[in-house]
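Residues 1020 to 1080 in our numbering are what the sequence shown spells out, letter by letter.
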Amino acid sequence: MLVNQFNFSVTSFTQMFIILVLFGIGTDYHILLFNRFKEELSHGLSINEAILKSYQTAGKS
């Protein structure tokens, strides 16, 4: 969209940078979600309940 409407140049550096940023965001979210799941399991919830609770609370971030 930026390329077509605003003549924003996309170099190989820009593409790599975007990929790295998105990979980092995904990794951070995965760690947050997994830690929240482990926390809910330690509170005595079943696996299914812990999954639901994790998505409800960590999903907001």
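Where is the CB? At the ideal position from N, CA and C, for every residue including glycine.
Counted within 10 angstroms of its Cβ, other Cβ atoms place residue i as buried (16 or more) or exposed
{"i": "Glu1059", "result": "buried"}
{"i": "Ser1061", "result": "exposed"}
Residue i - containing alpha helix (DSSP H), residue span
{"i": "His1062", "result": "No alpha helix (DSSP H) holds His1062; DSSP gives it neither H nor E."}
Neighbourhood of residue i by C-beta, 7 angstroms cutoff - its chain only, sequence neighbours within 5 removed
{"i": "Gln1075", "result": "none"}
{"i": "Leu1052", "result": "Ser1073 and Ala1077"}
Identity of the residue in the options nearest residue i by Cα
{"i": "Arg1105", "options": "Ile1044, Leu1039 and Glu1068", "result": "An answer regarding residue 1105 cannot be provided, because it is not within the stretch 1020 to 1080 covered by the chain."}
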